[in-house]
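Engineer:
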Amino acid sequence: MGNVAVIGSQWGDEGKGKIVDWLSSRADIVVRFQGGHNAGHTLVIDGVTYKLHLLPSGVVRKGKLAIIGNGVVIDPWALLKEIEDVRAQGVDVSPANLMIAENANMILPIHSAIDKAFEAARGSKSIGTTGRGIGPAYEDKVARRGIRICDLAHETLLKEKIENLLLHHNALLKGLGAETVSPQAVYDGLMQISGTILQYASPVWKRLDAANKSGEKVLFEGAQGAMLDVDHGTYPYVTSSNTVAGQAASGSGVGPRSVGYVLGITKAYTTRVGSGPFPTELLDADGELLGSRGHEFGTTTGRKRRCGWFDAALVRQTTKISGIHGIALTKLDVLDAFKEIKICTGYELDGQIVDHLPASQLHQANLKPVYEVIEGWNQSTRGARSWADLPATAIKYVRRIEELVETPVTLLSTSPERDDTILMQDPFLAA
Ligand code: IMP
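Right under this line is the structure:
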């Protein structure tokens, strides 16, 4: 048995929570490897709802080790608040079941302030970020002026690093006519939490190497979706991390072979939050119906999600980019109310048919979806637990998705309930 990586194959919010929870019950270790507290995963376990942003899903399950890898940007205050929140729900969190990579970069209050200020300045061209400081923190990381978890242990070095960081940011703030930030205030803030945070810090790559040797099963828990990937997504309307499966290796400190089976979580239709191209978006009653039936509101920001038909060209692309072995198709039941359902098979661009999402922002904005119409099934699939429970037309829809995306559907989720799942292949056994 090998490891499994779970990746969103659209623009996030594909319903990873339920599937990650089921898989984490079978794993020994659950690792986050990118993003930060911009993510939102809702887990319902034994009737209790947990809303997680930064903590890996495994943390709420007894006997599992949760790891926040180096590819994640960690807001230490958000992390401590989340730990307190789950503790209040009766979950034990201690260094025995939570490790954070000592080489992970931190999100500081200045990062969320900059994130919000730049979004406001972009006006109608805003990206629609979550305002959590994700982009500015990754910028500092790549510019080699970021402050990492391990720096909290060295007070003099920390002071120097803060000075260096603010040299950059205060120059910018001055230029914008905004108030500058005092290095002492940043230092004092960090010193208040450093002891608590450092308890969890460790070279997690070593722990993962030990897991590899002993055969412990690791679940790599992706956040957001492949179309929000900073390289492969709808740039610049993306998040600032790599969200594809390849990042599971570099964002946690394992080799690519250790990533194992890649499960692509895929919604039976499409949604996105924030700005940016969305060729199959529906601005009509059908879009409203998808949103209301699918309860399409963000877990982190509460924003209404944009909704549209399934885009097979887009998922075919992300399946290739992430090396997805199998698709977990979610929320099929949301389509129960439609007489006919459309699937986008490609796009029309300047009179030509294209079978993939071109990289150019201008091209992406001008794509017209080419649709194939499929007969709806007009009956409930909610709660189906076997193929025999599904109407033939619903099976046809799933089969057509498999053909167009060139990847098998190995898991079908038919309601938020854990048992309402049709499993064709166990990812851990297939890894
Ligand atoms: P950021 O990650 O806050 O910088 O936001 C950049 C883009 O990614 C925005 O369009 C956000 O709405 C989107 N985004 C970030 N995190 C998530 C998520 O967990 N689900 C869906 N969209 C997300």
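Take the sequence shown: its letters are residues 628 to 1058, numbered as in my numbering. We put the CB at the ideal spot given by N, CA and C, even for glycine. Predicted model, so just to flag it, every value in this text is computed and none were measured.
So for residue 830, helix, strand or coil by DSSP?
Structural biologist: Here residue 830 sits in coil by DSSP.
Engineer: Taking one C-beta from the segment 924-932 and one from the segment 968-984 each time, how about it: are there three or more such pairs within less than 8 Å?
Structural biologist: Taking 8 Å as the limit for Cβ pairs, the verdict is that the segment 968-984 does not touch the segment 924-932.
Engineer: My assumption, with CB atoms under 8 Å, is that residue 1025 sits in contact with residue 846. Please give the rounded CB distance.
Structural biologist: Not really, about 25 Å apart at Cβ, beyond 8 Å.
Engineer: To the nearest angstrom, report how far apart residue 994 and residue 857 are at their CA atoms.
Structural biologist: Looking at the two C-alpha atoms, the distance is approximately 20 Å.
Engineer: So if DSSP puts residue 938 in a beta bridge, which residue, or which two residues, is it bridged to?
Structural biologist: Paired residues: 971.
Engineer: Got a sec? Which residues, its chain only, sit under 7 Å from residue 693 by beta carbon, not counting five neighbours each side?
Structural biologist: The answer, listed in chain order, is 657, 682, 683, 685, 686, 724 and 725.
Engineer: Looking at C-beta atoms only, is the number of pairs between the segment 645-664 and the segment 904-917 that lie closer than 8 Å three or more?
Structural biologist: They do not touch, by the three-pair rule.
Engineer: To the nearest angstrom, report how far apart residue 634 and residue 641 are at their CA atoms.
Structural biologist: Straight-line Cα distance between these residues: approximately 9 Å.
Engineer: I'd like to confirm something about residue 755: is its beta-carbon nearer than 6 Å to some heavy atom of the ligand IMP, or not?
Structural biologist: Yes - the ligand IMP has a heavy atom lying nearer than 6 Å to the Cβ of residue 755.
Engineer: Does residue 1013 get closer than 7 Å to chain B when you measure Cβ to Cβ?
Structural biologist: Absent from the structure is chain B; it holds one protein chain and no more.
Engineer: Quick one: give me the first and last residue of the alpha helix (DSSP H) that residue 818 is part of.
Structural biologist: Segment 810-825, the alpha helix (DSSP H) holding residue 818.
Engineer: Could you have a look at residue 1039 and say whether DSSP puts it in helix, strand or coil?
Structural biologist: Residue 1039: strand per DSSP, three-state reduction.
Engineer: Between residue 816 and residue 834, what straight-line distance do the alpha-carbon atoms span, to the nearest angstrom?
Structural biologist: Roughly 30 Å separates the two Cα atoms.
Engineer: With 16 as the cutoff for other CB atoms within 10 Å, does residue 733 come out buried or exposed?
Structural biologist: So residue 733 ends up on the buried side.
Engineer: Taking the runs of the beta strand (DSSP E) that are 3 residues or longer, which of them lie wholly in the segment 645-697?
Structural biologist: Entirely contained in the segment 645-697, the beta strand (DSSP E) runs reaching 3 residues are, in chain order, 656-659, 668-672, 675-679 and 692-695.
Engineer: Can you name, in chain order, every residue of its own chain whose Cβ lies under 6 Å from the Cβ of residue 644, other than the five neighbours on each side?
Structural biologist: Result list for residue 644: 668, 669 and 670, in chain order.
Engineer: Between which two residues does the beta strand (DSSP E) carrying residue 846 extend?
Structural biologist: Note, residue 846: beta strand (DSSP E), 845-848.
Engineer: Here's the rule I'm using: 16 or more other beta-carbon atoms within 10 Å means buried, otherwise exposed. How should residue 894 be labelled?
Structural biologist: Buried, since its Cβ has 16 or more Cβ neighbours within 10 Å.
Engineer: Between which two residues does the alpha helix (DSSP H) containing residue 716 stretch?
Structural biologist: No alpha helix (DSSP H) holds residue 716; DSSP gives it neither H nor E.
Engineer: Quick one: give me the first and last residue of the beta strand (DSSP E) that residue 889 is part of.
Structural biologist: From DSSP, the beta strand (DSSP E) with residue 889 extends over 888-894.
Engineer: Between residue 945 and the ligand IMP, is the CB less than 6 Å from at least one heavy atom?
Structural biologist: No, Cβ of residue 945 sits at least 6 Å from all heavy atoms of the ligand IMP.
Engineer: Taking the alpha-carbon positions, what's the residue 958 to residue 937 distance?
Structural biologist: Taking the straight line from one Cα to the other gives about 12 Å.
Engineer: Go ahead and pull the three-state DSSP assignment for residue 930.
Structural biologist: DSSP places residue 930 in coil when its eight states are reduced to three.
Engineer: Specify, as a first and last residue, the run of the beta strand (DSSP E) that residue 954 falls within.
Structural biologist: Run containing residue 954: 953-957, per the beta strand (DSSP E) assignment.
Engineer: Put residue 875 into one of helix, strand or coil per three-state DSSP.
Structural biologist: If DSSP states are grouped into helix, strand and coil, residue 875 belongs with the helices.
Engineer: Pick helix, strand or coil for residue 898, following the three-state DSSP scheme.
Structural biologist: Three-state DSSP puts residue 898 in a strand.
Engineer: Span of the beta strand (DSSP E) holding residue 1059?
Structural biologist: Given that the chain is displayed from residue 628 to residue 1058, the structure contains no residue 1059 and the question cannot be resolved.
Engineer: For residue 757 and residue 1033, what's the separation of their Cα atoms in angstroms?
Structural biologist: Near 33 Å, if we compare the C-alpha coordinates of residue 1033 and residue 757.
Engineer: May I ask whether a heavy atom of the ligand IMP can be found less than 6 Å away from the beta carbon of residue 855?
Structural biologist: The answer is yes for residue 855.
Engineer: On the premise that residue 661 lies in contact with residue 850, defined as a C-beta separation below 8 Å, what is that separation, rounded to the nearest angstrom?
Structural biologist: Indeed they touch by this definition, with Cβ atoms about 6 Å apart.
Engineer: Helix, strand or coil: how does DSSP classify residue 981 here?
Structural biologist: Note: residue 981 maps to strand in three-state DSSP.
Engineer: From residue 820 to residue 703, what distance separates their C-alpha atoms?
Structural biologist: Cα-Cα distance, rounded: 8 Å.
Engineer: Rounded to whole angstroms, how far is the Cβ of residue 954 from the Cβ of residue 1036, which I believe are closer than 8 Å?
Structural biologist: Confirmed, about 5 Å.
Engineer: Let me check one thing: in DSSP terms, what residues is residue 1048 bridge-paired to?
Structural biologist: Residue 1048 pairs with 1040.
Engineer: Taking contact to mean 3 or more Cβ pairs, one atom from each stretch, closer than 8 Å, check whether the segment 731-746 and the segment 792-805 are in contact.
Structural biologist: Counting Cβ pairs under 8 Å, three or more are found: they touch.
Engineer: If residue 761 and residue 866 are in contact, beta carbons under 8 Å, what's the gap, nearest whole angstrom?
Structural biologist: Right, the Cβ-Cβ distance comes to about 6 Å (below 8 Å), so this counts as a contact.
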